[in-house]
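Just below is one structure, and these are the notes that go with it.
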Amino acid sequence: MSQLLVLNLVLCLLLFSIPKTTSSSSSSSLASPSRSLLRSIEDNNKNDNVVADLHPHDYAVDINVTNFDAVLRDTPATFAVVEFFAHWCPACRNYKPHYERVARLFNGPGAVHPGIILMTRVDCALKVNSKLCDKFSVDHYPMLFWAPPSKFVSGGWKPKQEKNEIRIIDDARTADRLLNWINKQMGSSFGLDDEKFENEHLSSNVSDPGQIARAVYDVEEATSTTFDIILEHKMIKSETRGSLIKFLQILVAHHPSKRCRMGSAEVLVNFDELCPLDMDLTSKQENNDGKGALGNIQICGKEVPRGYWMFCRGSKNDTRGFSCGLWVLLHSLSVRVEDGESQFAFQAICEFVHNFFICEECRQHFYEMCSSVSGPFNNTRDFALWLWSSHNKVNERLSKEEATLRTGDPKFPKMIWPSKQLCSSCRQSQSQGNNGIQWDQDEVFKFLTDYYGKKLVSIYKDKNNHESDKSGAALDDLVVSTNAFVVPLGAALAIAVASCAFGALACYWRSQQKSRKYFHQLHSYKEI
Numbered sequence: 015m016s017q018l019l020v021l022n023l024v025l026c027l028l029l030f031s032i033p034k035t036t037s038s039s040s041s042s043s044l045a046s047p048s049r050s051l052l053r054s055i056e057d058n059n060k061n062d063n064v065v066a067d068l069h070p071h072d073y074a075v076d077i078n079v080t081n082f083d084a085v086l087r088d089t090p091a092t093f094a095v096v097e098f099f100a101h102w103c104p105a106c107r108n109y110k111p112h113y114e115r116v117a118r119l120f121n122g123p124g125a126v127h128p129g130i131i132l133m134t135r136v137d138c139a140l141k142v143n144s145k146l147c148d149k150f151s152v153d154h155y156p157m158l159f160w161a162p163p164s165k166f167v168s169g170g171w172k173p174k175q176e177k178n179e180i181r182i183i184d185d186a187r188t189a190d191r192l193l194n195w196i197n198k199q200m201g202s203s204f205g206l207d208d209e210k211f212e213n214e215h216l217s218s219n220v221s222d223p224g225q226i227a228r229a230v231y232d233v234e235e236a237t238s239t240t241f242d243i244i245l246e247h248k249m250i251k252s253e254t255r256g257s258l259i260k261f262l263q264i265l266v267a268h269h270p271s272k273r274c275r276m277g278s279a280e281v282l283v284n285f286d287e288l289c290p291l292d293m294d295l296t297s298k299q300e301n302n303d304g305k306g307a308l309g310n311i312q313i314c315g316k317e318v319p320r321g322y323w324m325f326c327r328g329s330k331n332d333t334r335g336f337s338c339g340l341w342v343l344l345h346s347l348s349v350r351v352e353d354g355e356s357q358f359a360f361q362a363i364c365e366f367v368h369n370f371f372i373c374e375e376c377r378q379h380f381y382e383m384c385s386s387v388s389g390p391f392n393n394t395r396d397f398a399l400w401l402w403s404s405h406n407k408v409n410e411r412l413s414k415e416e417a418t419l420r421t422g423d424p425k426f427p428k429m430i431w432p433s434k435q436l437c438s439s440c441r442q443s444q445s446q447g448n449n450g451i452q453w454d455q456d457e458v459f460k461f462l463t464d465y466y467g468k469k470l471v472s473i474y475k476d477k478n479n480h481e482s483d484k485s486g487a488a489l490d491d492l493v494v495s496t497n498a499f500v501v502p503l504g505a506a507l508a509i510a511v512a513s514c515a516f517g518a519l520a521c522y523w524r525s526q527q528k529s530r531k532y533f534h535q536l537h538s539y540k541e542i
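Its first residue numbered 15, the sequence shown is counted upward by one per residue in the numbering used here.
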């Protein structure tokens, strides 16, 4: 018994003799693995953020000798930057994050400032690009060049070469310095932290007649978007097929973009196969992501839609855009049809809007304007002026609603047009007539044919003239309206060739339609 008491006393003494730090040290030794793990996770997160900052999403467009000319020729951008680099070059790899920070602002559907500058890259380490890099005298990496895109097409650069519009960018070691160099060239104030639709760079273009030339890209965008909407909402039905065919006929003959004319012709020629009359349209359209066989046809080319607007871009995300592009398309068609086609074009457009424009209120208003027309249109002038007057009625109605609800675009308010700045001779007085304005309709028609005829296609014509000088290309990219103005001999020959081609296409199409009749008796719009 006494031995047990002694043993317990010894154990107690041993327990109390253990230093208090043992407990703390043991607890710290137990806690340290978890704290180390947390520190490791935090360090990894910090490293991941650094990596993410240094290796952002690739926004610059990689091009090579096979598509160099095509990409730079077809871009709607006003300027282009081409970086020549080598993938094995450490300096090039380190420079890429800087280049991509600037490219983020200008490239891709999510660009902050789309359609202004195209940022591209060419890998000179690939043998296929050797001759291309030699044309630009690339003697170090990376090497950056600046010019309007058309100047790069079939072009080159030599040191000390006089009168070369392609310039070497000599101060671009960082993203800040590259963007500063660009700002100096353009007189702009772009910033690396700019976010979409939160900038002051977008200026109103309603008073500059030359700006309409950029709308040709918006017409392509609107055309492609229109057909995407039609397919997405499965709007092609037995009762709407005829309307779609009529509208396609107008597009094939008179769309301002060659790419859209060709795509529309492909749809028209293959319409029976794509949308046969006796097929179950609903089940057919549910295939291929709901778009059916038509979804495989890119009506304005593989690069359209681009995901952004040029002339029709609003200062806010939800203004202008598609509706603006569609109006430009309709106006351009109205001045391109010939006198004998004006009534058919009027009916085709009215039926198309009535059956395929998904905004119910807008569709109904347009239908009422179509229904109010008492007699047929006998010439292009009357049809173009009717569409112009109808557009002004829409603007007048919407301007009042937007002023009340404050939903309009502050930089592009709805207005009666053309403004005095666009056409000073169009207005006779402010005291009478439509909306308090007495219009000189002859002058208005001249303005419309010039604005939506010549000026709308001027960018493509300039590109084609540039290519003709260098590569002998003979065919214009766009058809010019033959009834709006005098056509030079060369253009007349080109139009004749195009007309023959479309004639042959039409013959082939008619042969496919022997058993069917597309031209139905046109009924009154009050009965639609």
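Quick reminder that beta carbons are idealized off the backbone N, C-alpha and C, glycines included.
Regarding Arg191 and the ligand HEM, is the C-beta to nearest heavy atom distance less than 7 Å?
Here there are no bound small molecules, and the ligand HEM is not part of this structure.
Residue range of the unbroken beta strand (DSSP E) whose run includes Gln442:
By 1-based counting over the sequence shown, the position of residue 442 is 428. Counting along the chain, the beta strand (DSSP E) containing Gln442 begins and ends at 441-443.
What is the DSSP secondary structure of Ala398, counted as helix, strand or coil?
Along the sequence shown, one-based indexing puts residue 398 at 384. Correct three-state label for Ala398: helix.
Assigned secondary structure, Pro424 (DSSP; H/G/I helix, E/B strand, else coil)
By 1-based counting over the sequence shown, the position of residue 424 is 410. DSSP places Pro424 in coil when its eight states are reduced to three.
With distances taken between CB atoms, is the gap from Glu415 to Ser439 smaller than 8 Å?
As a first step, residue 415 is located in the sequence shown; it is residue number 401 there, counting from the start. As a first step, residue 439 is located in the sequence shown; it is residue number 425 there, counting from the start. For Glu415 and Ser439, no; Cβs fall outside 8 Å.
Can you give the Cα-Cα distance for Asn178 and Glu97, rounded to whole angstroms?
Taking the first residue of the sequence shown as 1, we reach residue 178 at position 164. Taking the first residue of the sequence shown as 1, we reach residue 97 at position 83. Each residue's alpha carbon lies about 18 Å from the other.
Bridge partners for Val96 per DSSP, in chain order?
For the purposes of this step, residue 96 is identified with residue 82 of the sequence shown, where counting begins at 1. BP columns for Val96 point to Thr134, Phe159.
Buried or exposed for Cys326, please, with buried defined as at least 16 other CB atoms from any protein chain shown within 10 angstroms of its CB.
In the sequence shown, counting from the first residue as 1, residue 326 sits at position 312. Cys326 comes out buried.
Provide the residue(s) that pair with Gln452 in DSSP beta bridges, ordered along the chain.
Here residue 452 refers to the residue found at position 438 when the sequence shown is read from its first residue. Paired residues: Ser443.
Tell me, to the nearest whole angstrom, how far the beta carbon of Leu132 is from that of Ala91; I am working on the premise that it is less than 8 Å.
Counted from its first residue, the sequence shown places residue 132 at position 118. Counted from its first residue, the sequence shown places residue 91 at position 77. Right, their Cβ atoms sit about 4 Å apart.
Using DSSP bridges, identify the partner residues of Arg334.
Here residue 334 is taken as the residue at index 320 of the sequence shown, counted from 1. Note: Arg334 sits in a beta bridge opposite Arg327.
Here's the rule I'm using: 16 or more other beta-carbon atoms within 10 Å means buried, otherwise exposed. How should Gly201 be labelled?
On the sequence shown, position 187 is the one that residue 201 refers to. Classification of Gly201: exposed, given that the 10 Å Cβ count is below 16.
Cβ distance (whole Å) where Ile183 is taken to contact Gly169 below 8 Å
Sequence index remark: in the sequence shown, residue 183 carries index 169 (1-based). Sequence index remark: in the sequence shown, residue 169 carries index 155 (1-based). Their Cβ separation, rounded to whole angstroms, is 16 Å, which puts Ile183 and Gly169 out of contact at 8 Å.
Between the stretch 237-256 and the stretch 347-364, are three or more C-beta pairs nearer than 8 Å?
no
Exposed unless 16 or more other CB atoms sit within 10 angstroms - verdict on Trp102
What you label residue 102 is simply residue 88 of the sequence shown in a count that begins at 1. Exposed, since its Cβ has fewer than 16 Cβ neighbours within 10 Å.
What are the start and end residues of the alpha helix (DSSP H) that includes Trp195?
Taking the sequence shown and counting its residues from 1, one reaches residue 195 at position 181. Residues 189-200.
Using a Cβ-Cβ cutoff of less than 7 Å, which residues in the same chain neighbour His247 once the five nearest sequence positions on both sides are dropped?
Walking along the sequence shown from the start, residue 247 turns up at place 233. Once the five neighbours on either side are set aside, the close Cβ partners of His247 are Ile372.
Pro290 lies in the alpha helix (DSSP H); which residues open and close that run?
Position 276 of the sequence shown holds residue 290. Here Pro290 belongs to no alpha helix (DSSP H), and DSSP marks it neither H nor E.
Taking DSSP as the reference, what is the three-state secondary structure of Val230?
As a first step, residue 230 is located in the sequence shown; it is residue number 216 there, counting from the start. Note: Val230 maps to helix in three-state DSSP.
Check Asp207 in the structure and name its three-state DSSP category.
The residue given as residue 207 occupies position 193 in the sequence shown. Reduced to three states, the DSSP call for Asp207 is coil.
Test: Gln455 CB closer than 8 Å to a CB of chain D:
Of the chains in the structure shown, none is chain D; there is only one protein chain.
Within 8 Å, do at least three Cβ pairs link the stretch 342-361 to the stretch 311-324?
no
When DSSP labels each residue in this structure, what does Ile183 get in the three-state scheme?
By 1-based counting over the sequence shown, the position of residue 183 is 169. The answer is coil: DSSP assigns Ile183 none of H, G, I, E or B.
Taking the alpha helix (DSSP H) that Gln378 falls in, what are its first and last residues?
As a working mapping, residue 378 is identified with position 364 in the sequence shown. Segment 374-385, the alpha helix (DSSP H) holding Gln378.
Short of 7 Å in beta carbon distance, which residues of its chain neighbour Pro424, apart from the five on each side in sequence? Order them along the chain.
Residue numbering aside, residue 424 sits at position 410 when the sequence shown is read from its first letter. Only Ser329 meet the Cβ criterion.
Count the other CB atoms within 10 Å of the CB of Lys174; is the residue buried (16 or more) or exposed (fewer)?
Indexing the sequence shown from 1 puts residue 174 at position 160. Under this definition Lys174 is an exposed residue.
Keeping to the same chain, check which residues put their C-beta closer than 7 Å to that of Leu193; ignore five residues upstream and five downstream.
In the sequence shown, the residue the question calls residue 193 occupies position 179. Closer than 7 Å at the Cβ level, and outside the excluded window around Leu193, lie Val116, Phe204, Leu206.
Report back the beta-carbon spacing between Ser433 and Ala227 to the nearest angstrom; my notes put them in contact at under 8 Å.
One-based indexing of the sequence shown puts residue 433 at position 419. One-based indexing of the sequence shown puts residue 227 at position 213. Going by Cβ atoms, the distance from Ser433 to Ala227 rounds to 18 Å, so no, they are not a contact pair.
So, at 6 Å on beta carbons, what are the nonlocal neighbours of Pro390 in its own chain, with the 5 sequence-adjacent residues on each side left out?
As a first step, residue 390 is located in the sequence shown; it is residue number 376 there, counting from the start. Correct list, in chain order: Gln357.
Which two residues bound the contiguous alpha helix (DSSP H) that contains Cys437?
Taking the first residue of the sequence shown as position 1, residue 437 is located at position 423. Careful: Cys437 lies outside any alpha helix (DSSP H) and carries neither H nor E.
Compute the distance between the beta-carbons of Cys274 and Leu265, then report whether it is under 8 Å.
The residue you call residue 274 lines up with position 260 of the sequence shown. The residue you call residue 265 lines up with position 251 of the sequence shown. Yes, the pair counts as a contact, with Cβ atoms nearer than the cut-off.
Counting only the same chain and skipping the five closest in sequence on each side, list residues whose C-beta sits under 7 Å from that of Ser346.
For this step, residue 346 is matched to residue 332 along the sequence shown. Excluding positions up to five away in sequence, the list reads Val233, Pro270, Tyr466, Leu470.
For Trp323, I'd like the list of residues in its chain whose CB is within less than 6 Å of its CB, leaving aside the five on either flank, ordered along the chain.
Here the question's residue 323 lines up with position 309 in the sequence shown. Only Asp232, Gly335 meet the Cβ criterion.
Is the CB-CB distance between Phe380 and Ser348 below 8 Å?
Within the sequence shown, numbered from 1, the residue matching residue 380 stands at position 366. Within the sequence shown, numbered from 1, the residue matching residue 348 stands at position 334. Result no, Cβ atoms of Phe380 and Ser348 do not sit closer than 8 Å.
Tell whether a beta-carbon distance below 8 Å holds between Phe134 and Val75.
Mapped onto the sequence shown, residue 134 falls at position 120. Mapped onto the sequence shown, residue 75 falls at position 61. Checking the sequence shown, residue 134 turns out to be Thr, not Phe. Yes, these two residues count as a Cβ contact at 8 Å.
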